[in-house]
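Last residue of the sequence shown: 112 in our numbering, with the numbers rising by one and none dropped. Note that CB positions come from ideal geometry on N, CA and C, so glycine has one too. Treat the numbers as computed from the prediction; the structure is a model and nothing was measured.
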Amino acid sequence: MTGVRIADAGAVADEVHQECQGGADWYVGTASDPRHRLALLHNVDLEAGRYVIVKCTEAGVALAAARLLRDEHGYQGAPGSGGPDCVYLYVYAVTADTRQLG
């Protein structure tokens, strides 16, 4: 889903949840540079790891979608505040090698 721009937080959350097919074993966050964040902060293997990146129309949509995935679907993740450039929502499969923040 990388590169898809979605304006509705509910649609983003539904699409991601359907693709991930689960909640507790996934971590959700927002970022301005999601590949950097996944690789360096979360230690996600960008070649073999399971992750999804969605570009939203604005940071508020990404934050609202992240909140829906945490609150309604049980995804792990810190509440986050992100700045106006954090328009990407990312989720990754939690493994023994990944680092969860917050």
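Assigned secondary structure, residue 96 (DSSP; H/G/I helix, E/B strand, else coil): Coil at residue 96, not helix or strand.
Does the distance from the C-beta atom of residue 39 to that of residue 78 stay below 9 Å? no
Beta bridge counterpart(s) of residue 108 as assigned by DSSP: Residue 108 is not bridged to any residue.
Whole angstroms is fine: what's the gap from residue 36's alpha carbon to residue 101's? 6 Å
Consult DSSP for residue 39 and reduce its assignment to one of helix, strand or coil. strand
Below 9 Å between beta carbons: does that hold for residue 72 and residue 104? no
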